[in-house]
Amino acid sequence: MQKAINKQTATWAKILMQENPMLSAKIVSNVESINQHNVHHALTEVVRFLWLCAKHEHVLTPSVIVDNCWHEFILFTRTYAVFCSTTLGTFIHHQPSANEGDNQRQYLMTRELYQQTFGPMNQVFWPALEQVAACGTCED
194 MQKAINKQTA TWAKILMQEN PMLSAKIVSN VESINQHNVH HALTEVVRFL
244 WLCAKHEHVL TPSVIVDNCW HEFILFTRTY AVFCSTTLGT FIHHQPSANE
294 GDNQRQYLMT RELYQQTFGP MNQVFWPALE QVAACGTCED
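Residue numbers for the sequence shown follow this note's numbering, so the first one is 194 and each next one is one higher.
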């Protein structure tokens with residue numbers, strides 16, 4: 194199961210990059226520590242986070258780097274909406290939050306679900322707790 198979903202999410206990210214090369218360029222130019230060599234991996238991590246959000250009822254919080262890449266993806270509104278609808282089956286809203294306690298709990302839940310679903314986390318994209326983004330997904 195892990196191998197199949199890992200391959201599928203990487204394929205989805207590759208398709209997004211092929212269909213919209215400007216998305217990759219924006220991520221590389223606007224997200225610190227992302228370059229041409231790791232942009233596919235970065236977008237794959239965004240896709241994995243969004244997949245977790247779509248499949249679980251928990252409010253989840255990404256890492257700062259994944260959140261920053263997600264911000265770039267959201268700006269391509271049509272691409273993002275179509276991806277959510279056709280690939281995930283639901284629109285994933287982005288909801289800023291100033292509640293650090295909630296963000297940390299949600300990040301720990303994200304890490305737990307990620308490891309159960311995808312296996313070991315790459316620490317570049319999913320660092321320690323102090324690298325939590327100030328946001329979560331919207332509750333329905």
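We put the CB at the ideal spot given by N, CA and C, even for glycine.
These numbers come from a predicted model, not from an experiment.
Using 8 angstroms as the threshold, is the C-beta distance between residue i and residue j below it?
{"i": "Phe318", "j": "Glu265", "result": "no"}
{"i": "Leu216", "j": "Thr272", "result": "yes"}
{"i": "Ile227", "j": "Ala235", "result": "yes"}
{"i": "Ile220", "j": "Cys262", "result": "yes"}
In angstroms, rounded to a whole number, what distance separates the CA positions of residue i and residue j?
{"i": "Thr274", "j": "Val259", "result": "Here residue 274 is Ala; the residue named in the question, Thr, does not match the sequence. Taking the straight line from one Cα to the other gives about 18 angstroms."}
{"i": "Trp178", "j": "Val224", "result": "Outside the shown range of the chain (194 to 333) lies residue 178, about which nothing can therefore be said."}
{"i": "Leu268", "j": "Gln201", "result": "23 angstroms"}
{"i": "Asn296", "j": "Ser290", "result": "7 angstroms"}
Leaving out the 5 sequence neighbours to the left and right, which residues in its chain are closer than 7 angstroms to residue i when beta-carbon positions are compared?
{"i": "Pro214", "result": "none"}
{"i": "Pro320", "result": "Ser256"}
Check for me: the beta strand (DSSP E) holding residue i runs from which residue to which?
{"i": "His234", "result": "Segment Val232 to Lys248 is the alpha helix (DSSP H) holding His234; no beta strand (DSSP E) there."}
Quick one: residues in its chain with C-beta nearer than 6 angstroms to the C-beta of residue i, no 5 flanking neighbours on either side, listed in chain order?
{"i": "Ala203", "result": "Thr237"}
Residue i lies in the alpha helix (DSSP H); which residues open and close that run?
{"i": "His287", "result": "It is not in any alpha helix (DSSP H) - His287 instead sits in the beta strand (DSSP E) that spans His287 to Pro289."}
{"i": "Val317", "result": "From DSSP, Val317 is part of no alpha helix (DSSP H); its letter is neither H nor E."}
With a threshold of 8 angstroms on Cβ separation, who are the neighbours of residue i within its own chain once the five nearest residues in sequence on each side are excluded?
{"i": "Gln195", "result": "Thr310, Phe311 and Gly312"}
- Query: If we count Cβ pairs, one from each stretch, closer than 8 angstroms, do we get three or more for the segment 238-252 versus the segment 297-309?
  - Reply: yes
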